[in-house]
Amino acid sequence: MVKLIAEKENIVYVDYLHYKGEVLRFADIVESYYKKSLNNNMPENEFERKGYIAFWNEWKRRKAGGI
1 MVKLIAEKEN IVYVDYLHYK GEVLRFADIV ESYYKKSLNN NMPENEFERK
51 GYIAFWNEWK RRKAGGI
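For what it's worth, our numbering labels the leading residue of the sequence shown as 1, then goes sequentially.
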């Protein structure tokens, strides 16, 4: 079970597999939106480029492992 605490201390418990599925579904929506809305040029600045590459490597690794 996953414990979610909302505003005013409202607490909800959600089945872990259901929660995980919703998180992955949302991640797919975000990734799809990102791919459609930007031209995804690699940053020219070395620090930003390394951060960009690290972010997408981590994103792909976590999605492949089911987070």
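For each residue, glycine too, the CB sits at the ideal point set by N, CA and C.
Just the Cα atoms here: how many angstroms apart are glutamate 48 and asparagine 39?
16 Å
Quick check: the Cα distance between tyrosine 34 and tyrosine 13, rounded to an integer number of angstroms?
In a straight line, the C-alpha of tyrosine 34 is about 30 Å away from that of tyrosine 13.
Thinking C-alpha only, which one of Phe26, Lys50 and Gly51 is nearest lysine 63?
Phe26
Which value, in whole angstroms, describes the spacing of the CA atoms of glutamate 58 and isoleucine 11?
30 Å
Tell me whether leucine 38 sits in a helix, a strand or coil according to DSSP, three-state version.
coil
Rounding to the nearest angstrom, what Cα-Cα distance links lysine 50 and glutamate 31 in this structure?
19 Å
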